[in-house]
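Notes follow the structure.
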Amino acid sequence: ETGVTQTPRHLVMGMTNKKSLKCEQHLGHNAMYWYKQSAKKPLELMFVYSLEERVENNSVPSRFSPECPNSSHLFLHLHTLQPEDSALYLCASSQDPSGALNTGELFFGEGSRLTVL
Amino acid sequence: SQQGEEDPQALSIQEGENATMNCSYKTSINNLQWYRQNSGRGLVHLILIRSNEREKHSGRLRVTLDTSKKSSSLLITASRAADTASYFCATDSPNSNSGYALNFGKGTSLLVTP
């Protein structure tokens, strides 16, 4: 198993659909992240969970709803999205940045390419 | 707000040449990281340099950090076609309450031709 696995790799959905992106990490990390990558824009941090508690929420619209049931799994639930939400959604994990084991490094999955029609 | 900004936006070189990419940032940092991303894939961590370090090496990579100028550079020596990718710098965010947020730049797109 690779370190961080994201499914699905590609998703096409209509604006009225409800879908979910899934992320799983096998690295024993306790922090997980969702980033959005749009063309010609910097990566945008969306959400951060540490020990299953949300610690960052960067003014993300409510049509994106994260869920972290345990330290190995992270979901991004999608509903009534807009075409401008089409992007590559990247999940990452790390050790707790404040912990002694932390190297500051993020481990990314391969991303889920989302297209909203 | 965007913290790191890479320069140039795009760079095209031939195999064997060195590639230099620069990153500028606006506020104080604890550390700066460089990542690489192949087209349509996830980011891969390359190297981290702390604010009290000036230079770091990893294989064919050399990173420098000048905190007085708020800038960093990534040098890839003896480039190979497989180095073709986008390269991003990332800084820890002074605006993060939790200390978890990393700010990424738009990246430098490197093309290495055989």
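Protein chains in written order, with the working numbering: chain F, 312 to 428; chain A, 6 to 119.
All C-beta atoms, glycine included, are put in the ideal place defined by N, C-alpha and C.
Query                                                                                                                                                                       : Result
State yes or no: is the C-beta of Y344 of chain F within less than 8 Å of the C-beta of E355 of chain F?                                                                    : no
What span of residues does the beta strand (DSSP E) with Y30 of chain A cover, start to end?                                                                                : No beta strand (DSSP E) holds Y30 of chain A; DSSP gives it neither H nor E.
Per DSSP, which one or two residues make a beta bridge with R374 of chain F?                                                                                                : DSSP lists no partner for R374 of chain F.
Can the beta-carbon of A398 of chain F be found closer than 8 Å to that of S331 of chain F?                                                                                 : no
In the DSSP assignment, find the unbroken beta strand (DSSP E) run with H388 of chain F in it and report its ends.                                                          : H384 to H390
Compare the C-beta of N36 of chain A against all C-beta atoms of chain F and say whether one is closer than 8 Å.                                                            : yes
Just grab the DSSP bridge partners of R55 of chain A for me.                                                                                                                : A:N36
Apply the 10 Å Cβ neighbour rule to G64 of chain A and answer buried if 16 or more other Cβ atoms are within range, or exposed otherwise.                                   : exposed
Given that K352 of chain F touches chain A, what residues does it touch there, using C-beta distances under 8 Å?                                                            : K111
Short of 7 Å in beta carbon distance, which residues of its chain neighbour Y59 of chain A, apart from the five on each side in sequence? Order them along the chain.       : Checking the sequence, you will find Arg at residue 59 of chain A rather than Tyr. Same-chain partners within the cutoff: T69 and L70.
At a CB distance below 9 Å, what residues from the stretch 43 to 59 of chain A approach chain F? Give them in sequence order.                                               : G45, R46, G47, L48, V49, H50, L53 and R55
Any C-beta of chain A within less than 8 Å: which residues of the stretch 354 to 387 of chain F qualify?                                                                    : L354, L356, V359, S361, V366, E367 and N369
Is the separation between the beta-carbon of V366 of chain F and that of L392 of chain F shorter than 8 Å?                                                                  : no
Go ahead and label S6 of chain A buried or exposed: buried means 16 or more other beta carbons lie within 10 angstroms of its beta carbon, across all protein chains shown. : Residue confidence for S6 of chain A is low, a pLDDT of 45 falling below 50, so the modelled location carries little weight and cannot support an answer.
Run through chain A and tell me which residues come within less than 8 Å of L401 of chain F, C-beta to C-beta.                                                              : G47 and L48
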